[in-house]
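In this note's numbering, the protein residues as written are 31 to 689.
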């Protein structure tokens, strides 16, 4: 009697599991019971694939004797031999080869078992495969050969075997990498030596211009660097970006490589395409040991890159006071400017270290130099919030306290924008102009209010900041605080006398903009302190129009609570109910109807709010209100009839009593 499909499936699954785990006795029993030796898992792997991957030569032998395909492929094109070689299972490799497995089998990427063995550094498997005719120079679709793989693994024994079998030491991948590139990247000096002795080119360049020396230096492999230099590698060879091996080593902080290259005469002042020297790269990376090594080798400490940055700029920006001290001692130019106009003092003020600022000031750094944006060191210090640096700059007569940048902003604008409270206070104590306007008309108070810095707002107002100052569009600081929803800032200004009804160029009040943006808390603060709920803008719209139009139900409720007119009409005859209905804001519609808004009000074109209803939900809100109104009418009528009857009965009783 034939086994059921379900039983066969269970047997096949069990066989796959047992083979993967090397359970020979289970494999034998399952095969005896009729398990399908050709069954595969979701990845196309058979029991033989799994046994080979697990390194069980005994299971592989049982499966092969029962007819398992030695060259069956999984979904990626791998044969059992690929899996055995990949895992370094030499006994499995021998068993498969003895049973006729193809040593030259290729997967979908033209990757052979020899690639797998070489990539894993499995020299014994490499030996077995070569002995059975594996192609020593088989190239994958990316041009990778087994020698590339063995070199990348740093497996000197596999490299030796492949070279003895005639592998090309100068083979290139699609990107131009040779085996010696791979060995140098892996940091195996023995592999590098073998390859060079077999004719590999020490200065071979990949498509990005990297030589093996670049790779060894980048990876910090000092022994490989020395081996390559011994074999004649050019220490000053440049890649596509103009970097030498010394640039690579210095930027990564590999001081032993830096030393080895410098001892072989590498140019310490070579520049890349960005104009940077190895010393500048070392400074940028914060690699002190490399910095000291390069300086000891005579590297120029004043060389600037294409952007005009010198080591002093980099050290100052990084906040490395000890480097700044050393560079100044060596005569670095304290007034040097980058292409963007930054001096080392700008960098120190931006970088956040007061000691660097102090040293540069002691060295005579000018405090009034402006960069290309018009920023002085004082602007930079305020941006970073370095109150100690601000104090030092002001103590040096820094500049004027009110220097303007290209947009007309002073340090007080900058400190206020970023909420640097201590810097704001220092500037105010030095009589900074609290009402100075930038090119756009914004004062420091505008900036602090727009960013929600309530403490800065408080300090500025106490020092006389004009809460009614208007920018180019007529907006006051209270407008911008309301627009961005900063209720605490609005409160600070209102208690100091700010006018909540001040209008911008479109006749909009702070309440208008708060409701337009949906900031109910801000609107409540304004209304509670006397701002008008029914102010009209240039086209007759009230704050309630704005809230209803945008669908801000909470703002609608706040406005109605403070007496907003639910039936107000703008210049086009629209009421807030028109706006809410048109926008599909059912909740706002319900609030307005409950407050007495008329669904029958017509605009200048004769449209009612119901005509403008944008959604079914809005139409249902109108219908519900109409139903409730009708029920209320019937209730009132019935009550009136009842009262009339009661009155009639009472009169009748009185008449009867009189008679």
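Note that CB positions come from ideal geometry on N, CA and C, so glycine has one too.
Keep in mind that this is a model prediction, so the values were computed, not measured.
* To do: Could you give the DSSP three-state label for residue 512: helix, strand or coil?
  => helix
* Asked: Buried or exposed: which applies to residue 665, given that a residue is buried once 16 or more other Cβ atoms fall within 10 Å of its Cβ?
  -> Note that residue 665 has pLDDT 43, beneath the 50 cutoff, so the model's placement of it is unreliable and no number is given.
* Would you mind sorting residue 498 into buried or exposed? The rule is 16 or more other CB atoms within 10 Å of its CB. => exposed
* To do: Hey, could you find the ends of the alpha helix (DSSP H) residue 96 is sitting in?
  => Unbroken run through residue 96: none, as it is neither H nor E.
* Buried or exposed (CB count within 10 angstroms, at least 16 for buried), residue 271 -> exposed
* According to the neighbour-count rule (16 or more other Cβ atoms, all chains shown, within 10 Å of its Cβ), is residue 160 buried or exposed? -> buried
* Asked: Can you find a CB in chain D that lies within less than 8 Å of the CB of residue 206?
  -> The displayed structure is made up of one protein chain only, and chain D is not part of it.
* Asked: Which residues in the same chain have their Cβ closer than 6 Å to the Cβ of residue 544, if we skip the five residues on either side of it in sequence?
  -> 512, 552, 553
* Rounded Cβ spacing between residue 104 and residue 75 (contact assumed at less than 8 Å) -> 5 Å
* Counted within 10 angstroms of its Cβ, other Cβ atoms place residue 394 as buried (16 or more) or exposed -> exposed
* Beta-carbon proximity check, residue 441 vs residue 457, cutoff 8 Å -> yes
* Do you know offhand how far residue 564's Cα is from residue 650's? -> 28 Å
* To do: Counting only runs of 4+ residues fully inside the region 560-614, write out the alpha helix (DSSP H) ranges in chain order.
  => 573-580, 583-591, 606-613
* To do: List the residues that DSSP assigns as beta-bridge partners of residue 628.
  => BP columns for residue 628 are empty, so no partner.
* **Own chain, CB closer than 6 Å to residue 12, minus 5 neighbours either side, in chain order** => Since the first residue shown for the chain is 31 and the last is 689, residue 12 is missing from the structure and cannot be characterised.
* Cα separation between residue 691 and residue 413? -> In the structure displayed, the chain extends from 31 to 689; residue 691 sits before or after that span and is not available.
* Asked: Helix, strand or coil: how does DSSP classify residue 45 here?
  -> helix
* Contact under 8 Å by Cβ, residue 643 with residue 611 -> yes
* Test item: CB-CB of residue 77 and residue 87 under 8 Å -> no
* One or two residues paired with residue 547 in a DSSP bridge -> Looking at the DSSP assignment, residue 547 forms no beta bridge with any residue, so it has no partner.
* Return yes when at least one heavy atom of the ligand NAD lies under 7 Å from the C-beta of residue 348, else no. => Only the bare structure without any ligand can be found here, which leaves the ligand NAD out of the picture.
* Skipping 5 residues on each side, what residues in its chain have a beta carbon closer than 8 Å to that of residue 366? -> 332, 334, 338, 340, 342, 343, 373, 374
* Which residues DSSP lists as bridging residue 76, in chain order -> 70
* Asked: By how many angstroms is the C-alpha of residue 281 removed from the C-alpha of residue 317?
  -> 8 Å
* Element boundaries [alpha helix (DSSP H), containing residue 486] -> 484-492
* To do: Pull up the distance between the alpha-carbon of residue 33 and that of residue 91, whole angstroms please.
  => The predicted model places residue 33 with a pLDDT of 47, which falls under 50 and marks its position as unreliable; any figure quoted below should be read in that light. Residue 33 and residue 91: Cα-Cα distance of roughly 26 Å.
* Asked: Can you name the start and end residues of the alpha helix (DSSP H) that residue 341 belongs to?
  -> 341-348
* To do: Please confirm whether residue 482 and residue 453 have their CB atoms less than 8 Å apart.
  => no
* **Residue range of the unbroken alpha helix (DSSP H) whose run includes residue 277** => 275-282
* To do: Work out the CA separation of residue 228 and residue 176 for me, nearest whole Å.
  => 16 Å
* Compute the distance between the beta-carbons of residue 278 and residue 247, then report whether it is under 8 Å. => yes
* Asked: Does DSSP put residue 174 in a helix, in a strand, or in coil?
  -> coil
* Using the Cα positions of residue 18 and residue 215, report the straight-line distance between them to the nearest angstrom. => A question about residue 18 goes unanswered here, because the residues of the chain that appear run from 31 up to 689.
* Asked: First and last residue of the alpha helix (DSSP H) that includes residue 127?
  -> 120-128
* To do: Please confirm whether residue 691 and residue 586 have their CB atoms less than 8 Å apart.
  => Within the shown structure, residues of the chain are numbered from 31 to 689, placing residue 691 beyond reach of any answer.
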